[in-house]
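Chemist: Got a structure for you, questions after.
In the numbering used here, the protein residues as written are 22 to 154.
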């Protein structure tokens, strides 16, 4: 059955309220559907384009994040050396100095838990050994 016959039949049996003018309404609807389809296709193309851009941006962000981590790992190194005079004239302050040094080390560990803190012990000839804290 052809398109026009079907449209006229639908008008005759009361499915349509266009008094036999269904072909123009149908053609208008086809044009409307074509315009909508074209709009959806444009939108799909834009979404695909933005998807590619987003993927590229995510890749670049990951690359920059890795570069920052590597840069931070190499530039955020702090080497702190505390030298203490253990000669006889400093004898009265050795215990207080040891307490202060251990406090500094504890604060660094607490404030920077991921930091690698290495402590060196004093030679055996020194009266105070830091490791004994």
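Even for Gly, the Cβ is constructed at its ideal location relative to N, Cα and C.
What does a CB cutoff of less than 7 Å around residue 82 pick up in its chain, not counting 5 residues either side in sequence?
Modeler: Numbered from its first residue, the chain shown carries residue 82 at position 61. Nothing listed; no residue qualifies.
Chemist: In whole angstroms, what separates the C-alpha of residue 100 from that of residue 87?
Modeler: Counting from one through the chain shown, the residue named residue 100 turns up at place 79. Counting from one through the chain shown, the residue named residue 87 turns up at place 66. CA-to-CA, the gap between residue 100 and residue 87 works out to about 24 Å.
Chemist: What number of angstroms, rounded off, separates the C-alpha of residue 58 from the C-alpha of residue 67?
Modeler: In the chain shown, counting from the first residue as 1, residue 58 sits at position 37. In the chain shown, counting from the first residue as 1, residue 67 sits at position 46. Taking the straight line joining both Cα atoms gives about 14 Å.
Chemist: Tell me whether residue 51 is buried or exposed, calling it buried when 16 or more other Cβ atoms sit within 10 Å of its Cβ.
Modeler: Locating residue 51 in the chain shown gives position 30, counting from the first residue. Classification of residue 51: exposed, given that the 10 Å Cβ count is below 16.
Chemist: I need the straight-line Cα distance from residue 109 to residue 84, nearest angstrom please.
Modeler: Position 88 of the chain shown holds residue 109. Position 63 of the chain shown holds residue 84. Those two C-alpha atoms are separated by around 57 Å.
Chemist: Give the DSSP-derived three-state secondary structure of residue 132 in the structure shown.
Modeler: By one-based count along the chain shown, residue 132 stands at place 111. In the structure shown, residue 132 sits in a helix (DSSP, three-state: H, G or I).
Chemist: For residue 130 and residue 138, which I take to be in contact (beta-carbon distance under 8 Å), what is that distance rounded to the nearest angstrom?
Modeler: Start at 1 with the first residue of the chain shown, and residue 130 comes out as number 109. Start at 1 with the first residue of the chain shown, and residue 138 comes out as number 117. That belief holds up - the Cβ atoms of residue 130 and residue 138 are roughly 5 Å apart, short of 8 Å.
Chemist: Rounded to whole angstroms, what's the CA-CA distance from residue 128 to residue 107? Just pull it up for me.
Modeler: On the chain shown, residue 128 is found 107 positions in, with the first residue counted as 1. On the chain shown, residue 107 is found 86 positions in, with the first residue counted as 1. Those two C-alpha atoms are separated by around 24 Å.
Chemist: Which of the three DSSP states is assigned to residue 93 in this structure?
Modeler: Translated into positions along the chain shown, residue 93 becomes position 72. In the structure shown, residue 93 sits in a helix (DSSP, three-state: H, G or I).
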